[in-house]
Amino acid sequence: MTSLAQKLSTIVGAAFEALDLPHELGAVRVSDRPDLAQFQCNGAMAAAKLARKNPREVAQGVVDVLEDPLFISDNLSSLFYPILHNAKSGQKNANQAITMQAALFKTLEIAGPGFINFNVTDDFIAGHLSVVSGDDRLGIPQSANGETVVLDYGGMNVAKAMHVGHLRSLAIGDCLKRMMRVAGYDALGDIHMGDWGLQMGQIISAFEIAHPGWPYFDPGFEGDYPADAPFSYDELEEIYPRAAQGCKDDPERLDAARKATMELQDGRRGYLALWQHFIDLSLTDIKANIARLGVDFEIWNGEACVNYLIPEITADLAARGVTEDSEGAVVIPVVRPEDKKEMPPLLFKKSDGAATYGTTDVATIYDRIKTYPKIAKMIYETDLRQNLHFEQVFCAAEKAGYVDGIELKHIGHGTVNGPDGKPFKTREGKAMKFSDMVTAVMAKAEERLAEANLDETIGIEERGEIARMVAVATLKFTELSNQAHMDYIFDIDRMTQFEGKTGPYLLYQAVRIKSLLRKAEAQGFEAGETPHFVIGDEDRSLALLLTELPDHFEAAMKHYTPHVLCEYAYTLAQGFSSFYGNCHILSEENAGVRASRLALCALTYRQLEFVLNVLGIDIPERM
RNA sequence: GCACCCGUAGCUCAAUUGGAUAGAGUACUCGACUACGAAUCGAGCGGUUGGAGGUUCGAAUCCUCCCGGGUGCACCA
């Protein structure tokens, strides 16, 4: 099963092959001139360039092959089972072949410098949609077979409040994970918390200054440390920026922080106990935040999780001759032979022996390979500014020979700016907290729900849940519909308009279909399991849209670009809304047409639900 | 200094990776709720794709130079 355009590509590709031209040049796609045709193939022009021929002549040659009645029946009839199943196999004759050819193409013509334009018959569209309707995967092929993919996103820091920027990594990473699963991978999200660097030493030593009497700081203490932290998460979150600033201003405090970091990494008991409080408190906060967003992780590792592996890896890297000493530190030179530009070496260990994020990132790759024997990809979703770092880490892992046959991919997102185009700040000049942002959007959604004439049977609880779903749809859809690598303008007022190209629009259309289908059922109308589609002028554009899903999914997979799916979801929702406004569905008197239109609605709903699900957006029953 | 990213309609963004007449949303102006939910639909307005060259049947996309904005270059992550 594939898209309709891919089916056509198979036919046209075979036609190119019949002329000794590359099969791929027969690629057919939805036309970008719908006034001229439904589908187009541009390969004749590329082929003409290769063969140094006139493009229109090449195109004519392809069209001649396609118009040969025997061509399709001889080569490709198996592809068209649904519309051709009336033809008895093994009984091909010229008449029947003509029938098959005519059953596919309504028009077939050459335009401009050598475009081949196609219109297909309504029966062909109908047959295709019947098959799609009967397919659990809606025509999307499975491209993987249970290989493991680890996605590293979120990257929240311990003791540091989540801010608006985390929405980017969370939404994109989670969506990529869902895409990978649909494709057939065993995809695992790793939060990979920032819990092991100098910041930890900074906080520890700040506490040591403030509370020197705590048992965590007594080297001779041998008892049990308190199970609960003697400070709250809010206090922790507040102490961090002060500690960081303190180290900036005072070299002695910085030294103390460095020393504390190293001792923590060395396993000093009291520090570890204190550090565990940081983790516990931070996790509680993080889990509450991501639960509201509907995002989750399978792997709750942090940088610290590979600490025990560092001696082993350090030795291994040295044995492989990958590391070098440099100014007392251990580094990995990472210039690839083919690279022209200079690249600074990866700092693997600081001169005082402490680990950096270079250390833990390389160690994590090593660890994942051992933990997941079927690993095929590691995908990192972080701020774009870490680009160089990941290039270095990936190159180091390659040089060490850890990642043969494994794809390492960094997907960077741009900075979050305010409406003024500068890095986002609240009116008070502070970074907006993630939780405040979600709360604000939810409040707007509640407000909007209060204005709407909602069904009185919707209770306060359901209304709250609907508001949450609308808020999540808003946040994720605005986030995901931008390309990741672009800087991002965060404008909460614009975001909460809930009109036009927004998450709530998609929910609204989906809810409308759901409501319609409920009514249909109540009236005893059914589309049936393998619906028979009747495509008329009012149905055609929606029907054609419904043939496209696999193409968009494939494009999003290939380039790791969720915004392609957002675009399709919106186009489909809009196509439905237009269809809905233009024709009778329940009130259609012709039973066959009515059943077909209901089946179009049902299929639209399934596709919308599917895409929204991949985007991480849930649909309410009503709104 | 070296490297990377960005510049498209007033604003926010697309453009199937080199295809035809550069598309959406928003804002603005009209029009449509006694057929199924108006958070909707239809129509109009809006462009020298930052600029200049080049490559070719064809460029927002590729190459060169320039302008403007942002970012990164080992002991923070």
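Numbering (the working numbering), first residue to last: 3 to 625. C-beta: ideal position from N, C-alpha, C; glycine also.
- Less than 8 Å divides the Cβ of A105 from the Cβ of F126.
- The straight-line gap separating the alpha-carbon atoms of R31 and I537 is approximately 21 Å.
- DSSP links A357 through a beta bridge to K351.
- The DSSP-derived three-state label of P425 is strand.
- Under the three-state reduction of DSSP output, G28 falls in the helix class.
- When beta bridges are read from the DSSP output, K435 appears opposite H165.
- Here V166 is actually not in contact with F479; their C-beta atoms are around 16 Å apart, not less than 8 Å.
- The beta carbon of A49 sits closer than 6 Å to those of L23, L27 and V60, all from its chain and outside the five residues before and after it, given in chain order.
- Burial check for P115: the Cβ neighbour count within 10 Å stays below 16, so the residue is exposed.
- For I381, the enclosing beta strand (DSSP E) stretches over residues I377 to D385.
- Every unbroken stretch of the beta strand (DSSP E) spanning 3 or more residues and falling wholly within the segment 171-229 is given here in chain order: 188-192.
- Judged by DSSP secondary structure, E237 falls within the alpha helix (DSSP H) whose first and last residues are Y235 to D251.
- Counting every other CB atom within 10 Å of its CB across the protein chains shown gives Y490 a total of 16 or more, marking it as buried.
- Nearest in C-alpha terms to G403, of all of D422, K424, H415 and Y368, is Y368.
- Here DSSP, grouped into helix, strand and coil, assigns S328 to strand.
- DSSP lists N121 as the beta-bridge partner residues of T109.
- In terms of CA proximity to D354, A262 leads the group G407, A262 and Q144.
- L614 is a Cβ neighbour of A512, given a cutoff of 8 Å.
- Here T441 is exposed. Its C-beta has fewer than 16 other C-beta atoms within 10 Å.
- The alpha helix (DSSP H) runs lying completely inside the segment 449-520 and spanning 4 residues or more are 462-482 and 494-497, given in chain order.
- Per the coordinates, the alpha-carbon of L349 lies some 10 Å from the alpha-carbon of V395.
- With contact defined as three or more Cβ pairs closer than 8 Å, the segment 288-300 and the segment 189-200 are in contact.
- Within the same chain, and ignoring the five residues on either side of Q609 in sequence, the residues whose Cβ sits closer than 7 Å to its Cβ are L140, L548, L551 and L574.
- By the C-beta criterion, the segment 372-384 is judged not to be in contact with the segment 419-427, since fewer than 3 inter-stretch pairs fall below 8 Å.
- For K51, the enclosing alpha helix (DSSP H) covers residues G45 to A53.
- Residue environment for S580: exposed (fewer than 16 other C-beta atoms within 10 angstroms of its C-beta).
- Here V616 has C177, R180, M181, V184 and L567 as same chain residues with Cβ atoms under 7 Å from its own Cβ, once five neighbours each way along the sequence are excluded.
- An exposed status is given to T109, since fewer than 16 other beta-carbon atoms sit within 10 Å of its beta-carbon.
- Q40 sits in coil when the DSSP states are folded into three classes, being neither helix nor strand.
- Within its own chain, the residues whose Cβ lies closer than 6 Å to the Cβ of A113, once the five positions on either side in sequence are excluded, are N119, listed in chain order.
- Note that the C-beta distance between V160 and M3 is not below 8 Å.
- The three-state secondary structure of I334, taken from DSSP, is strand.
- Taking C-beta atoms as the reference points, F223 and E210 fail to come closer than 8 Å.
- Residue environment for H412: buried (at least 16 other C-beta atoms within 10 angstroms of its C-beta).
- Under a 10 Å Cβ-count criterion, P253 is classified as exposed, with fewer than 16 other Cβ atoms of the shown protein chains found around its own Cβ.
- Sequence-distant Cβ neighbours of E448 in its own chain, meaning closer than 7 Å and more than five residues away, are A469.
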